[in-house]
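Asks: My questions all concern the structure below.
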Amino acid sequence: MSDSTAPDAAPELIDRVRLIEAQPLDTRAEAYAAVHDELARRLASAPTDASVAARP
22 MSDSTAPDAA
32 PELIDRVRLI
42 EAQPLDTRAE
52 AYAAVHDELA
62 RRLASAPTDA
72 SVAARP
């Protein structure tokens, strides 16, 4: 599921989730919503051409 040409964002995301989990519940909800919005923007801006997306 990883694209070898893309930087690995997993460690950054894991660190961010750990920080979120340490916060009070109401703050966590807002932080997770922000993560969701950011990931949705990244997904929406990803290439949609199957020939481009399928390149190793």
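Sequential numbering of the sequence shown, starting at 22, is according to this note's numbering.
Even glycine gets a Cβ: it sits at the ideal position worked out from N, Cα and C.
Computed from a prediction, not measured in an experiment: that's the story for all the values here.
(1) Do TYR53 and ILE41 have their C-beta atoms closer together than 8 angstroms?
(2) Does DSSP put ALA43 in a helix, a strand or coil?
(3) Hey, does LEU40 have any beta-carbon neighbour from chain C nearer than 8 angstroms?
Replies: In short, the structure shows the following:
(1) Position 32 of the sequence shown, counted from the start, is the residue given in the question as residue 53. Position 20 of the sequence shown, counted from the start, is the residue given in the question as residue 41. It is a contact, given that the beta carbons lie within the stated cut-off.
(2) Mapped onto the sequence shown, residue 43 falls at position 22. Three-state DSSP puts ALA43 in coil, outside helix and strand.
(3) Here there is only one protein chain, and chain C is not present.
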